[in-house]
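Step one of this worksheet: look at the structure below.
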DNA sequence: CGCATTGCTGCGAAATCCGCAGGTCTCAGT
DNA sequence: ACTGAGACCTGCGGATTTCGCAGCAATGCG
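As structure tokens, this is what we get:
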């Protein structure tokens, strides 16, 4: 408290634990910066990241490992569905009678369903479907989803053109 | 060992141009397998991938570089929005009069908008919004989206619970 | 005050990445 | 058929990166 000589490190340290965002797990500014680096290039070397955020290579490595272990982030390859052979996609709004959660669970188990979210509004659930062609899409929606007990109705929005798809959460 | 490798290579090579999916850029089974490896772990060493798909380290490296250059895939960190401080998300359906594309363009330019897709159905556009809190969300929807000239109406679906979020395109 | 915990640094050793020089195969074009 | 261009793979050093570990400062707690 009276020692100002060694203040530089301790100051940075205090900064790191305050963390301007009040999110659930404490996620300080340095970790945020590391995530940003890895959002630009998931394979960027730890040393390069360290240089960018002001940390040693080993420290970056430990932080990244921890973020992965905690499930805060994952480093993965993401592909453009079209180039990988999935030519039909759709968002499906679902209305449910009874237990919404169990229907959501059932949707989650379908491999063609990439995205499931429970919502407030005129749909109980939104689900994104990724299929190879029209037949496949039709099959999933009509045969598999509408036939689930508890599904009252569905409405489909077939994708015409994907305009934006980013993974830049945590930035800004 | 040598002869076996050569034989399998030529066989795979013929496979590669048939490739059960008729997607735009020719994407053979080996590249598919490489992508699957990187979907499990975006930082997996090239040598390990090579062992898994039956290629040398250098060959895997060249293929990955090409896939990245072509934009077929990208290797990035993806985060859970909630843990990074974004507590409100919503899907917004938009109806447009006039040029749909230009409205989609305008949405694309907003940093809070993570996802924009033009659709067939009762909405012209679906956009996913990621915000810090309710005020922020309200601001984006009411002040910025509804005020765009050409936007006839919007309908919002606030996220209550995210059930599934995968990046496993190209597998299955 | 002593002690456990957390998080960072620094440093070798091991593993990985990278560029480059061949080699094989395919496919035009003369 | 021959040849040259192009695509793709392998193998091999050397540079770089990753990894594990020991040491150390700061924090929290009984």
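Protein chains in written order, with the UniProt record's numbering: chain Y, 1 to 172; chain R, 1 to 172.
Just so you know, even glycine gets a beta-carbon here, dropped at the ideal spot from N, CA and C.
The region 102–119 of chain R and the region 56–71 of chain R do not touch, with fewer than three beta-carbon pairs separated by less than 8 Å.
Under the Cβ distance rule, residue 154/Y does not count among the residues neighbouring chain R, no pair being separated by less than 9 Å. Here the alpha carbons of residue 136/Y and residue 58/Y stand approximately 48 Å from one another. Taking C-beta separations shorter than 8 Å and ignoring five residues to either side along the sequence, the partners of residue 78/Y in its chain run 167, following chain order.
Judged by their CB atoms, residue 34/R and residue 91/R are not nearer to each other than the 9 Å cut-off.
Residues of the region 42–58 of chain Y whose Cβ lies closer than 8 Å to any Cβ of chain R, in chain order: 42 and 43.
Not one beta carbon of chain Y lies nearer than 9 Å to the beta carbon of residue 28/R. Per DSSP, the unbroken beta strand (DSSP E) holding residue 115/Y starts and ends at 113–120. Contact between residue 164/R and residue 108/Y is confirmed by a C-beta separation of about 4 Å, below the 8 Å threshold. One thing to note: residue 43/R has its Cβ within 9 Å of the Cβ of residue 75/Y. With respect to chain R, the C-beta atom of residue 97/Y has no partner C-beta closer than 9 Å. For residue 35/R, at least one C-beta of chain Y is nearer than 9 Å to its own C-beta. In the structure shown, the three-state DSSP call for residue 93/R is strand. The continuous alpha helix (DSSP H) containing residue 46/R extends over residues 46–53. In this structure, DSSP gives residue 56/R a state outside helix and strand, which the three-state scheme calls coil.
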